[in-house]
DNA sequence: GTCCGGAAATTGACATGACAGAAAACAGGA
DNA sequence: TCCTGTTTTCTGTCATGTCAATTTCCGGAC
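Protein chains in written order, with our numbering: chain A, 1299 to 1538; chain B, 1299 to 1538.
Dropping the structure here:
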């Protein structure tokens, strides 16, 4: 059932992406897109059969996902999509606040004039997007969220520290995942919410940039908290 | 050196630590202790034979180490201990500054009275250790460094945020590793260096705690930088 | 009804071995 | 001596299959 993929030996161009990488990206995508809800149990053999590969690359992919914090597994009991506790989400936000505040400092210190202009433009565009986001269309929400993420990553990029940028991105993945789970509806934001943030980030006062980013990050937490609370701690129950 | 570990079937208590975990911890320890220098190439089969196991758990261990940033591997070319660039070390210090400054904030805000007393006691003890550290005995240096690490982790612990603590610890591993590589000799520190840090961290002004920790972290960077500069960028032999 | 204990099914951990790609050693021609 | 193409010897990737541990299922005792 798998032999049909035995590599194109005749072809010249072979990026030759490992099967485990394919599995990792695919599974990760399905989690991040919300196609599999937190608590869903993965069967490595089923996944292997489904993807047409042995369950060894599947295992490697799940292990990487576990390291990312997206799934959790117990030695011989199963692997499931991670369901976070409220405390953990708070913790992630604490880490995020630390990283993004640092990002704001660096950006405030190092960004070029053109980059600052672009950030302001992006912020304004994002604010107008939010202003028209009352129609809670899922696709539209996804677009808005993507823009939001991009603004933050752009700030990190203009800080010119790759390691910080990577750390922020990795941390975002988790928050993004959980956020998606409860983001069916969207709250409205104060007008010029991001514009004022960027105003500080592109300003001259590094501490003001730090403070503004901290406030910005903290603003979103209560919304997530109250929406995720009803979700039970999640016991280990395998469905049949 | 390996076969004696074929599981204690007779015993009742079975922590049953997986082989991959054993390999991970062992290899990681040997890297962190500096027994294998940066740039050393690992042979999975050799390691497997050496540890008396198949190279599958070895592969899993190396993959985890790669995720930790301690080793790097290329698809079918080999796995070696990571040799960092100066820029990367700077980047790690940027991340560390962000995390530890947040840790200082939380500790300043949340630590109990007794915990603050203990931190001050630890800091004074550490300062006296540094004061007598002119004898650059390796073991003694190791002890000093261990105490230093413990102080930082204690501050993180008293901040009462598990996720932040874990992030700091993970980030420390890398810096610690590289530090060890060049830590044959030790520079002297200003008197009461840590005591004054802790004084701010256990004080009443959160921003002062933040600033003090940032300064503290930044203090150590130049020393590492100039010591690691001569080390070549470490060519991995980028393919044609 | 609930509780409990053993059987069956399913899980992850691991061994073994085959295979293709990359690097290093090597041979030959300028 | 310096390329250049070949071969040998690594490397990591992956398939297949076994095993022990865990969970679930199910029937009997209360």
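Built from N, CA and C at the ideal position, the CB exists for glycine as well. Here the structure is a predicted model, which means the values were calculated and not measured.
Residue 1315 of chain B, DSSP secondary structure in three states: coil
Continuous beta strand (DSSP E) stretch holding residue 1378 of chain B: start and end: 1376 to 1379
8 Å Cβ cutoff, residue 1344 of chain B in contact with chain A: no
Per-residue burial, residue 1496 of chain A [other beta carbons within 10 Å of its own, 16 or more giving buried]: buried
DSSP-derived helix/strand/coil call for residue 1339 of chain B: strand
Alpha-carbon spacing of residue 1405 of chain A relative to residue 1499 of chain A, whole angstroms: 7 Å
Which residues DSSP lists as bridging residue 1371 of chain A, in chain order: A/1377
Neighbouring residues, chain B, relative to residue 1379 of chain A (Cβ below 7 Å): The premise fails here: residue 1379 of chain A is roughly 18 Å from chain B at the closest Cβ pair, so nothing lies under 7 Å.
Near-chain B residues of the region 1409 to 1435 of chain A (beta-carbon distance less than 8 Å), N- to C-terminal order: none
Touching by the beta-carbon criterion (3+ pairs, under 8 Å), the region 1392 to 1399 of chain B and the region 1501 to 1516 of chain B: yes
Cβ neighbours of residue 1473 of chain A in the same chain (closer than 6 Å, five flanking residues each side left out): 1390
Beta-carbon separation (whole angstroms), residue 1346 of chain B vs residue 1340 of chain B, contact threshold 8 Å: Their Cβ separation, rounded to whole angstroms, is 11 Å, which puts residue 1346 of chain B and residue 1340 of chain B out of contact at 8 Å.
Reduced DSSP category for residue 1352 of chain A - H, G, I as helix; E, B as strand; rest coil: coil
Assigned exposure category for residue 1410 of chain B - 16 Cβ within 10 Å defines buried: exposed
Other residues of its chain near residue 1510 of chain B: CB distance less than 6 Å, five sequence neighbours each side excluded: 1495 and 1498
Counted within 10 angstroms of its Cβ, other Cβ atoms place residue 1385 of chain B as buried (16 or more) or exposed: exposed
Environment of residue 1350 of chain A [buried if 16+ CB atoms lie within 10 Å]: exposed
Closer than 8 Å at the beta carbon, the chain A residues around residue 1462 of chain B: 1389, 1392, 1393 and 1396
Chain A contacts made by the region 1446 to 1459 of chain B, where a contact means CB separation under 7 Å: 1459
Among B/1367, B/1357, B/1368 and B/1388, the one whose alpha carbon lies nearest that of residue 1374 of chain B: B/1357
CB of residue 1490 of chain A within 8 Å of CB of residue 1449 of chain A, strictly: no
Distance, residue 1445 of chain A Cα to residue 1424 of chain A Cα: 7 Å
Inter-residue Cα distance where the pair is residue 1318 of chain A and residue 1361 of chain B: 12 Å
Residue 1447 of chain A classed as buried or exposed, judged by whether at least 16 other C-beta atoms fall within 10 angstroms: exposed
Rounded straight-line distance, which links the Cα of residue 1520 of chain B to that of residue 1487 of chain A: 43 Å
DSSP three-state assignment for residue 1544 of chain A, whether helix, strand or coil: In the structure displayed, chain A extends from 1299 to 1538; residue 1544 of chain A sits before or after that span and is not available.
Alpha-carbon to alpha-carbon, residue 1429 of chain B and residue 1504 of chain A: 35 Å
Closest by C-alpha distance to residue 1368 of chain A, when choosing among A/1323, A/1343, A/1344 and A/1412: A/1323
Residues that residue 1372 of chain A contacts on chain B, provided the C-beta gap is smaller than 8 Å: Correct list: empty, because the minimum Cβ distance to chain B is about 12 Å.
The ligand NAD heavy atom lying under 7 Å from the CB of residue 1517 of chain A: What this structure holds is no ligand at all, so the ligand NAD is not there to describe.
Assigned secondary structure, residue 1324 of chain B (DSSP; H/G/I helix, E/B strand, else coil): helix
Min CB distance residue 1538 of chain A to chain B below 8 Å: Only weak support is given to the placement of residue 1538 of chain A: the predicted model assigns it a pLDDT of 31, under 50, and the value that follows is read from those uncertain coordinates. It does not; no Cβ of chain B falls within 8 Å.
Neighbourhood of residue 1466 of chain B by C-beta distance below 8 Å, restricted to the same chain and skipping five residues each side: 1394, 1397, 1398, 1401, 1450, 1451 and 1454
Contact set for residue 1314 of chain A: own chain, Cβ-Cβ below 6 Å, skip 5 residues either direction: none
Residue range of the unbroken alpha helix (DSSP H) whose run includes residue 1429 of chain A: 1411 to 1429
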